[in-house]
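Q:
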Amino acid sequence: MQTNEGIAYGTVEPEGIRVYQGSPLVHWEATDVFVNFGDIQLLSPVLPSKVVAIGRNYVDHAAEFNNPVPEEPLIFLKPSTSVVGPGQPVVYPKLTKDLQYEGELVVVIGAVARHVPAEDVGQVILGYTVGNDMTARDLQRKDVQFTRGKGFDTFCPLGPAIETEFDAAEGMSLITRVNGEVRQDGSTADLVFGVAELIEYVTSVMTLLPGDVIMTGTPGGVGPVQPGDRMDVEIEGIGTLTNTVVAAS
Numbered sequence: 073m074q075t076n077e078g079i080a081y082g083t084v085e086p087e088g089i090r091v092y093q094g095s096p097l098v099h100w101e102a103t104d105v106f107v108n109f110g111d112i113q114l115l116s117p118v119l120p121s122k123v124v125a126i127g128r129n130y131v132d133h134a135a136e137f138n139n140p141v142p143e144e145p146l147i148f149l150k151p152s153t154s155v156v157g158p159g160q161p162v163v164y165p166k167l168t169k170d171l172q173y174e175g176e177l178v179v180v181i182g183a184v185a186r187h188v189p190a191e192d193v194g195q196v197i198l199g200y201t202v203g204n205d206m207t208a209r210d211l212q213r214k215d216v217q218f219t220r221g222k223g224f225d226t227f228c229p230l231g232p233a234i235e236t237e238f239d240a241a242e243g244m245s246l247i248t249r250v251n252g253e254v255r256q257d258g259s260t261a262d263l264v265f266g267v268a269e270l271i272e273y274v275t276s277v278m279t280l281l282p283g284d285v286i287m288t289g290t291p292g293g294v295g296p297v298q299p300g301d302r303m304d305v306e307i308e309g310i311g312t313l314t315n316t317v318v319a320a321s
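Residues in the sequence shown are numbered from 73 upward in steps of one, following the working numbering.
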């Protein structure tokens with residue numbers, strides 16, 4: 073969060089937001105300082121070295137594009153420069169004519185992770201947050217790969233916070249609204265590959281560092297947005313991530 077004193081982490085308590093020194097990714101310590109929600113600006117809860125995203129991890133999303141469900145996780149990367157926080161604008165690039173939202177559950181990694189077996193993933197998970205895998209769909213199709221279509225600046229909103237007490241297997245609702253209208257209505261229980269499987273698979277390929285995130289995929293119902301549209305991605309038990317689309321200057 074951004075306060076009058078600078079950027080800091082905090083935890084929500086009955087008195088307000090308690091300010092911490094340091095970072096939960098390395099070391100942090102509580103202070104006696106509290107701030108009100110109205111006096112801060114939420115930022116992305118992490119600044120990852122890399123964003124690992126998973127494609128076609130809901131059956132209905134694969135079906136809406138007439139794609140098969142992968143036999144193993146389909147992974148791709150979004151650059152760290154695509155990350156923005158809650159309330160920050162998503163820029164509609166001039167290179168696309170079909171910008172689309174994709175609301176997703178996001179896993180936040182809390183420890184160096186390499187070759188982590190599924191049964192041990194709890195040791196490397198810091199918590200969970202909400203993400204929006206913004207996609208220039210026409211470029212994705214044209215390039216027959218994901219990097220350009222999903223890699224623009226502002227194409228990875230994250231937030232509003234990291235929830236450390238969350239279980240995706242409990243089937244938490246994932247709802248995306250555009251200008252208040254429900255566009256996606258899914259459940260984390262419907263992931264084709266669950267969180268443990270994804271971490272095991274990804275860490276067999278690459279080392280994940282503290283603060284890295286895994287975007288677990290989006291349910292069916294993705295679609296276009298235009299400058300001026302407000303996107304709200306809400307995950308039960310975590311919160312709502314809100315961003316507005318703006319035209320490129």
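The beta carbon of each residue, even a glycine, is placed where N, CA and C say it ideally should be.
Need the endpoints of the alpha helix (DSSP H) that residue 271 sits in, please.
A: Note, residue 271: alpha helix (DSSP H), 267-275.
Q: Could you give the residue range of the beta strand (DSSP E) that holds residue 146?
A: Where residue 146 is concerned, the enclosing beta strand (DSSP E) stretches over 146-150.
Q: Cβ of residue 194 within 8 Å of Cβ of residue 176?
A: Cβ atoms of residue 194 and residue 176: not closer than 8 Å.
Q: Spatial neighbours of residue 189 within its chain, please: C-beta separation below 7 Å, excluding the five flanking residues on both sides.
A: 272.
Q: Which residue from 293, 299, 288, 303 puts its Cα closest to that of residue 145?
A: When only C-alpha atoms are compared, the closest one is 288.
Q: Residue ranges of each beta strand (DSSP E) run of no fewer than 3 residues wholly in the stretch 160-209, ordered along the chain?
A: Listed in chain order, the complete beta strand (DSSP E) runs (minimum 3 residues) inside the stretch 160-209 are 162-164, 171-173, 175-181, 197-204.
Q: Using beta-carbon positions only, say whether residue 305 and residue 164 come within less than 8 Å of one another.
A: Cβ atoms of residue 305 and residue 164: not closer than 8 Å.
Q: In its own chain, which residues sit with a C-beta less than 7 Å from the C-beta of residue 121, not counting the 5 before and 5 after it?
A: Taken in chain order, the residues that qualify are 152, 281, 283, 284.
Q: DSSP state of residue 137, grouped into three classes?
A: Note: residue 137 maps to coil in three-state DSSP.
Q: Return the bridge partner residues of residue 315 from the DSSP annotation.
A: Paired residue(s): 303.
Q: Helix, strand or coil: how does DSSP classify residue 213 here?
A: Helix.
Q: Rounded to the nearest angstrom, what separates residue 207 and residue 225 at their Cα positions?
A: Whole-angstrom Cα-Cα distance: 11 Å.
Q: Pairing CB atoms from the stretch 74-88 with CB atoms from the stretch 107-127, are three or more of them under 8 Å?
A: Judged by Cβ distances under 8 Å, the stretch 74-88 makes contact with the stretch 107-127, as three or more pairs qualify.
Q: Quick one: what does DSSP say residue 109 is sitting in, helix, strand or coil?
A: It is helical.
Q: Tell me the DSSP secondary structure of residue 128 in three-state form.
A: DSSP places residue 128 in coil when its eight states are reduced to three.
Q: Taking residue 310 as the reference, which of 234, 279, 228 has the closest Cα?
A: Out of 234, 279, 228, 234 has the C-alpha closest to the C-alpha of residue 310.
Q: Quick one: grab the DSSP three-state call for residue 87.
A: Three-state result, residue 87: coil.
Q: Residues in its own chain within less than 6 Å of residue 292 by CB, not counting five upstream and five downstream?
A: Taken in chain order, the residues that qualify are 132, 133, 136.
Q: Tell me where the beta strand (DSSP E) around residue 248 begins and ends.
A: Residues 245-250.
Q: What three-state label does DSSP hand residue 104 in the structure shown?
A: Residue 104: strand per DSSP, three-state reduction.
Q: Return yes when the Cβ of residue 118 is within less than 8 Å of the Cβ of residue 180, no when it is not.
A: Yes. Within cutoff.
Q: What is the DSSP secondary structure of residue 242, reduced to helix, strand or coil?
A: Helix.
Q: Got a sec? Which residues, its chain only, sit under 8 Å from residue 212 by beta carbon, not counting five neighbours each side?
A: Correct list, in chain order: 218, 220, 221, 222.
Q: Inspect the beta-carbon positions of residue 155 and residue 123 and report whether they are closer than 8 Å.
A: Against a cut-off of 8 Å, the Cβ pair of residue 123 and residue 155 comes out as a contact.
Q: According to DSSP, is residue 80 helix, strand or coil?
A: The answer is coil: DSSP assigns residue 80 none of H, G, I, E or B.
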